[in-house]
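Visitor: Mind looking over this structure? Questions follow.
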Amino acid sequence: MSQQVRVRFAPSPTGYLHVGGARTALFNWLFARKTGGTFVLRVEDTDVERSTQESVDGLLRDMKWLGLTWDEGPEVGGPHGPYFQSQRLEIYQSYARRLLDNGAAYPCFCKEEELEAKRQKAEEEHRSLHYDGTCRHLSKDEVERRIAAGETYVVRVKVPEKDYVLEDLVRGRVEWKAETLGDFIVLRSSGMPVYNFCVVVDDADMKISHVVRAEEHLTNTHRQLILYEALGIKPPIFAHASLILGEDKSKLSKRHGATAVGQYAEDGFLRDAMINFLALLGWNEGTDREIYSVKELIESFSLERISKSPGVFDHNKLIWMNGQHLRAMPVDELLPLVVPVLKKAMPDDARLNNPEVLRKLVELIQIKMNTLNDAVPVAESILRANQPEDEESVAMVGT
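In structure tokens, the structure reads:
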């Protein structure tokens, strides 16, 4: 691949890391590791009312648990920072001035009540609801006079009357008419940028080569391509992965069970099993194979094998897959994972301080576990059947 691969995962810290977001992060991470590229973590925290430090901390914690280490971003820095959108406002404003200077955007002084009246009229006349370009044709002198008079304004980009074509690595050829959008806002009267403008500026500034994300962002790509063109910047390559559905084929939500990555860590699932499961939600190398190590996923992964069809989150399959990974683990690797679980559940059982007992116990329960938390009831059953009378009998557990 001649182009240096730079990909990013750009979550909003308004809640927990959802399994859908984790899969997006994973696809980007696998692609970066496969190609020797760079994986960037960028936090889109411009929604000041909903973004919280608690969510940022949880996001970083869950990413680390999954092993999705980032090459640039929070905590590690990098040459294209800051990596929090809230710290990049001057950058967005400079790009907005660039659009104004090259004539690709203009100040719009229309008041909200005016726009609302136009929207209502458009609805009554069954016309499309987009800005009609009133301020697009103001003279330079009038614009300068109104700004000097202290009138507030937003910045709108000029949408050309043309057709656009996106060659998406997953969806294929996507076409649309830009004129259906109307001239849209890139900078609010408060000076705050809108979402799509931030994304384009950040991806351009951070030299992102490939944008891999869920198909729900496909409609955002329409505005983003217009912005790339207005800025005179070559857009990245896009790959929009299908959504993740619940077993009832509706969009995955809390009603289908846990959707927070952190909950699966607490429930005793292995990082490698979770990675394996998430990778197969919308990607397949063209075989019936289901069990992969992380190394094998890196070697096999390609964007071209991401499916157009939605992945179905089958919780029972995740449990089965976790069990497969658990039973394949060498005991020496399993011990440090199981022992803390056992000691937390049975803090007063002195036998758990005996290394020989612990090793034999883990060997016995390994074949019966599907999650790390399953170790507790199985171990309790074995230990109850082997109540020691003295120190010498401790080693007889499980015999």
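Using this note's numbering, you'd call the opening residue of the sequence shown number 6 and step up by one each time. Virtual Cβ for every residue (Gly too), placed ideally from N, Cα, C. Note that this is a predicted model, so its numbers are computed, not measured.
I'd like the ranges of any alpha helix (DSSP H) spanning at least 4 consecutive residues and lying wholly in the stretch 301 to 352.
Guide: Within the stretch 301 to 352, the complete alpha helix (DSSP H) runs of at least 4 residues are 320 to 333 and 336 to 350.
Visitor: Tell me where the beta strand (DSSP E) around His181 begins and ends.
Guide: The count along the sequence shown starts at 1 and reaches residue 181 at position 176. Residue 181 is actually Trp in this sequence, not His. Where Trp181 is concerned, the enclosing beta strand (DSSP E) stretches over Gly177 to Lys182.
Visitor: What runs of the beta strand (DSSP E), each 3 residues or longer, lie entirely inside the stretch 237 to 279?
Guide: If we require 3 residues or more, the beta strand (DSSP E) runs fully inside the stretch 237 to 279 come out as 242 to 246.
Visitor: Taking the straight line between their C-alpha atoms, what separation do you get for Asp168 and Leu223?
Guide: Residue 168 sits at position 163 when you count from the first residue of the sequence shown. Residue 223 sits at position 218 when you count from the first residue of the sequence shown. So the two alpha carbons sit approximately 16 Å from each other.
Visitor: Identify whether Thr224 lies in helix, strand or coil by the three-state DSSP scheme.
Guide: Indexing the sequence shown from 1 puts residue 224 at position 219. Thr224: helix per DSSP, three-state reduction.
Visitor: So, at 7 Å on beta carbons, what are the nonlocal neighbours of Ala384 in its own chain, with the 5 sequence-adjacent residues on each side left out?
Guide: Here residue 384 refers to the residue found at position 379 of the sequence shown. Here the set comprises Leu347, Leu366 and Ile370.
Visitor: Quick one: complete alpha helix (DSSP H) runs, 4+ long, within the stretch 53 to 135?
Guide: Listed in chain order, they are 58 to 71, 94 to 106 and 117 to 129.
Visitor: What did DSSP end up calling Leu174 once you bin it into helix, strand or coil?
Guide: On the sequence shown, residue 174 is found 169 positions in, with the first residue counted as 1. Coil at Leu174, not helix or strand.
Visitor: Just to confirm, is the Cβ distance from Val2 to Gly42 under 8 Å?
Guide: With the chain running from 6 to 404 in the structure shown, residue 2 is simply not present.
Visitor: Below 8 Å, can you find three or more Cβ-Cβ pairs linking the stretch 373 to 381 to the stretch 266 to 282?
Guide: Verdict: yes, contact present.
Visitor: If we count the other Cβ atoms within 10 Å of its Cβ and call it buried at 16 or more, is Arg161 buried or exposed?
Guide: Start at 1 with the first residue of the sequence shown, and residue 161 comes out as number 156. It counts as buried.
Visitor: So what's Asp188 in DSSP terms, helix, strand or just coil?
Guide: Position 183 of the sequence shown, counted from the start, is the residue given in the question as residue 188. Reduced to three states, the DSSP call for Asp188 is coil.
Visitor: Check for me: the beta strand (DSSP E) holding Arg364 runs from which residue to which?
Guide: Along the sequence shown, one-based indexing puts residue 364 at 359. No beta strand (DSSP E) contains Arg364, which is instead part of the alpha helix (DSSP H) from Pro360 to Gln371.
Visitor: Please classify Val343 as buried or exposed, where buried requires at least 16 neighbouring CB atoms within 10 angstroms.
Guide: Here residue 343 refers to the residue found at position 338 when the sequence shown is read from its first residue. Classification of Val343: buried, given that the 10 Å Cβ count is 16 or more.
Visitor: Can you give me the Cβ contacts of Val53 inside the same chain, cut-off strictly under 8 Å, excluding the 5 residues immediately before and after it?
Guide: Here the question's residue 53 lines up with position 48 in the sequence shown. So the list reads Ser91, once near-sequence residues are dropped.
Visitor: In terms of residue numbering, what span does the beta strand (DSSP E) encompassing Arg151 cover?
Guide: What you label residue 151 is simply residue 146 of the sequence shown in a count that begins at 1. Premise fails: Arg151 lies in the alpha helix (DSSP H), Lys145 to Ala153, not in any beta strand (DSSP E).
Visitor: Can we say the stretch 197 to 211 touches the stretch 173 to 184, given the rule of at least three CB pairs closer than 8 Å?
Guide: Short answer: they don't touch.
Visitor: Report the option in Arg364, Lys349 and Asp67 whose CA atom is closest to the CA atom of Glu338.
Guide: Within the sequence shown, numbered from 1, the residue matching residue 338 stands at position 333. If we check each option's Cα against that of Glu338, Arg364 comes out closest.
Visitor: Ends of the beta strand (DSSP E) at Val24?
Guide: For the purposes of this step, residue 24 is identified with residue 19 of the sequence shown, where counting begins at 1. Here Val24 belongs to no beta strand (DSSP E); instead the alpha helix (DSSP H) covers Val24 to Thr40.
Visitor: From the DSSP output, read off the bridge partner residues of His142.
Guide: Working through the sequence shown from its first residue, we reach residue 142 at position 137. Beta-bridge pairing links His142 to no other residue.
Visitor: Any idea what DSSP makes of Lys384, helix, strand or coil?
Guide: Within the sequence shown, the letter at position 379 stands for residue 384. Note that residue 384 is Ala in the sequence shown here, rather than Lys. Three-state result, Ala384: helix.
Visitor: Please classify Arg119 as buried or exposed, where buried requires at least 16 neighbouring CB atoms within 10 angstroms.
Guide: Here residue 119 is taken as the residue at index 114 of the sequence shown, counted from 1. Just to set this straight, residue 119 is Glu in the shown sequence, not Arg. Glu119 should be labelled exposed.
Visitor: Please check the pair Lys256 and Leu248, which I expect to be a contact at CB under 8 Å, by giving their CB distance rounded to whole angstroms.
Guide: For the purposes of this step, residue 256 is taken as the residue at position 251 of the sequence shown. For the purposes of this step, residue 248 is taken as the residue at position 243 of the sequence shown. Yes, Lys256 and Leu248 are in contact; Cβ-Cβ is about 6 Å, under 8 Å.
Visitor: Using the C-alpha atoms, what's the distance from Ala380 back to Asp395?
Guide: Looking up residue 395 in the sequence shown gives position 390. Looking up residue 380 in the sequence shown gives position 375. The pLDDT assigned to Asp395 is 42, lower than 50, so where the model puts this residue is not dependable, and the model offers no usable value.
Visitor: So Val205 is in the alpha helix (DSSP H); what residue range does that whole segment cover?
Guide: In the sequence shown, residue 205 corresponds to position 200, counting from 1. Element bounds for Val205: Tyr200 to Asp210.
Visitor: Can you tell me whether Asp168 is helix, strand or coil according to DSSP?
Guide: As a working mapping, residue 168 is identified with position 163 in the sequence shown. If DSSP states are grouped into helix, strand and coil, Asp168 belongs with the strands.
Visitor: By the three-class DSSP mapping on this structure, what secondary structure does Leu283 have?
Guide: Translated into positions along the sequence shown, residue 283 becomes position 278. Residue state, collapsed to three classes: helix.
Visitor: Can you tell me which of the three DSSP states Arg356 falls into?
Guide: Residue 356 sits at position 351 when you count from the first residue of the sequence shown. Residue state, collapsed to three classes: helix.
Visitor: Trp34 to Ala15, Cα distance in whole Å?
Guide: Here the question's residue 34 lines up with position 29 in the sequence shown. Here the question's residue 15 lines up with position 10 in the sequence shown. The straight-line gap from Cα to Cα measures roughly 12 Å.
Visitor: If we count Cβ pairs, one from each stretch, closer than 8 Å, do we get three or more for the stretch 310 to 324 versus the stretch 276 to 288?
Guide: Touching, per the Cβ criterion.
Visitor: Enumerate in chain order the residues of its own chain whose CB-to-CB distance from Gln9 is below 7 Å, with the five nearest sequence positions on each side excluded.
Guide: To locate residue 9, count along the sequence shown from 1; it is residue 4. So the qualifying residues of the chain are Gly42 and Ser214.
Visitor: Cα separation between Ala153 and Arg132?
Guide: Start at 1 with the first residue of the sequence shown, and residue 153 comes out as number 148. Start at 1 with the first residue of the sequence shown, and residue 132 comes out as number 127. Rounded to whole angstroms, Ala153 to Arg132 spans 35 Å at the Cα level.
Visitor: What's the C-alpha gap between Tyr297 and Asp76?
Guide: Reading the sequence shown from its first residue, position 292 is the one you call residue 297. Reading the sequence shown from its first residue, position 71 is the one you call residue 76. One C-alpha to the other measures close to 24 Å.
Visitor: Give me the residue from Gly267, Thr185, Glu121 and Val205 with the minimum Cα distance to Gly20.
Guide: By 1-based counting over the sequence shown, the position of residue 20 is 15. Residue Gly267 is the option with its Cα nearest to Gly20.
Visitor: Candidates Ala101, Phe36 and Thr29: which alpha carbon is nearest Glu301's?
Guide: Locating residue 301 in the sequence shown gives position 296, counting from the first residue. It is Phe36 whose Cα lies nearest to the Cα of Glu301.
Visitor: Between Pro18 and the rest of its own chain, which residues show a CB-CB distance below 7 Å, the 5 nearest in sequence each way excluded?
Guide: What you label residue 18 is simply residue 13 of the sequence shown in a count that begins at 1. The residues are Val48, Asp50, Ser56, Thr57, Ser60, Val61 and Leu64.
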